[in-house]
């Protein structure tokens, strides 16, 4: 039986996209909201309307464009649960996650658990994974998914992508972000090594968790999540990355990754399906 959602008045602003690639940052917020079992509604926003909607709702810019102008991004969130106070308006996924954890804590499901007393929130694991993803995974994921994305875009979608690239990076040459044929083999190798290191650490964690009691193990003998059998924000962060890969390049990039490390990543994504509900 599904647990009743916690009564809150939250509006989640998500990116409406007809493109193959979905925002991992938006997905991470949706995963957190669902994992915390909070009641919320989604307002989908077209990419071209992000700035207008952000200004209308008094969201702060989260970055700066190449021309020096403020850049507005999604996800964003408005919380009107406490009617005795002004509505809380937040942009930037990291700030949103920290706000939700602070405002709606669950002692049984902490997003940033600490093994040491007094068990204050400890985001170290997530921050390490964030940095590792940015340096060891995304530099190889992005060039590999571009080719399949381009092949699936219609003319209108392509023009939207070019507009965003022009504002963000100063160029609208989509092809310049793809990997050269001569570099593909090395790119795939580095990406597999990147996922392989995470897998080896999870395996090491499983061995340490079973010691000295060999009877303690997951049903398949694997370290299912980053903290063993407990979901934390590190898992939801990783899930957002995998959803982005799966939607952007289901056949080529995800088609390979899901077979790596004994199928770990396909199983991992499947285990997170209860939190992928779109409200």
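Residue numbers (our numbering): 16 to 294.
Cβ coordinates follow ideal geometry from the N, Cα and C atoms, glycine included.
_If contact is defined by three or more beta carbon pairs under 8 Å, each pair taking one atom from either stretch, is the segment 46 to 57 in contact with the segment 76 to 84?_
Segments in contact, no.
*Excluding the 5 residues preceding and the 5 following residue 158 in the sequence, name in chain order all residues of the same chain whose CB lies nearer than 7 Å to its CB.*
Within its own chain, the residues whose Cβ lies closer than 7 Å to the Cβ of residue 158, once the five positions on either side in sequence are excluded, are 192, 193, 194, 202, listed in chain order.
*Measure the beta-carbon distance from residue 128 to residue 247 and round it to whole angstroms, keeping in mind my assumption that it falls under 8 Å.*
The beta-carbon separation of residue 128 and residue 247, rounded to 6 Å, stays under the 8 Å limit for a contact.
*Helix, strand or coil: how does DSSP classify residue 26 here?*
Of the three classes helix, strand and coil, the one that applies to residue 26 here is strand, per DSSP.
*Would you report the Cα separation of residue 108 and residue 29, rounded to the nearest angstrom?*
Those two C-alpha atoms are separated by around 11 Å.
*Close-in-space but distant-in-sequence residues of the same chain around residue 141 (CB under 7 Å, 5 per side omitted)*: The answer, listed in chain order, is 127, 248, 249, 252.
*Taking the Cβ atom as the reference point for each residue, do residue 155 and residue 206 lie within a distance shorter than 8 Å?*
Contact: yes.
*Between which two residues does the alpha helix (DSSP H) containing residue 285 stretch?*
Element bounds for residue 285: 279 to 286.
*For residue 57, write down the residues that DSSP places opposite it in a beta bridge.*
Paired residues: 27.
*Which residues share a DSSP beta bridge with residue 93?*
DSSP lists 26, 104 as the beta-bridge partner residues of residue 93.
*Nearest candidate by alpha-carbon position, reference residue 103, set 280, 27, 218*: For residue 103, the closest alpha carbon among the candidates 280, 27, 218 is that of 27.
*Within the same chain, show all residues whose beta-carbon is closer than 6 Å to that of residue 276, passing over the 5 residues directly before and after it, in chain order.*
For residue 276, the CB contacts under 6 Å within the same chain, skipping 5 residues up- and downstream, are 214 in chain order.
_According to DSSP, residue 240 sits in a beta bridge with which residue or residues?_
According to DSSP, which records beta bridges pairwise, residue 240 is partnered with 243.
*Skipping 5 residues on each side, what residues in its chain have a beta carbon closer than 7 Å to that of residue 66?*
Apart from sequence neighbours up to five positions away, the residues of its chain that approach residue 66 with a beta-carbon distance below 7 Å are 87, ordered along the chain.
*residue 21: which of 95, 256, 119, 287 sits nearest, CA to CA?*
Per the C-alpha coordinates, the member of 95, 256, 119, 287 positioned closest to residue 21 is 119.
*Mind reading off the beta-carbon distance from residue 59 to residue 106? Whole number of angstroms is fine, and I expect it under 8 Å.*
Between residue 106 and residue 59 the Cβ distance is about 16 Å, and since that is not below 8 Å, they are no contact.
*asked:* Does residue 112 pass the burial test, meaning 16 or more other C-beta atoms within 10 Å, or should it be called exposed?
replied: In the assembly as shown, residue 112 is a buried residue. Its beta-carbon has 16 or more other beta-carbons within 10 Å.
_Can you tell me whether residue 39 is helix, strand or coil according to DSSP?_
Reduced to three states, the DSSP call for residue 39 is helix.
*Can you name the start and end residues of the alpha helix (DSSP H) that residue 124 belongs to?*
Here residue 124 belongs to no alpha helix (DSSP H), and DSSP marks it neither H nor E.
*Smallest Cα separation from residue 152: which of 117, 97, 212, 167?*
For residue 152, the nearest C-alpha among the options comes from 212.
*asked:* To the nearest angstrom, how far is the alpha carbon of residue 264 from that of residue 143?
replied: For residue 264 and residue 143, the distance between alpha carbons rounds to 26 Å.
*Classify residue 117 as helix, strand or coil using the three-state DSSP reduction.*
Of the three classes helix, strand and coil, the one that applies to residue 117 here is helix, per DSSP.
*Shortest alpha-carbon distance to residue 150 belongs to which of 210, 19, 289, 269?*
Relative to residue 150, the option among 210, 19, 289, 269 whose CA is nearest is 210.
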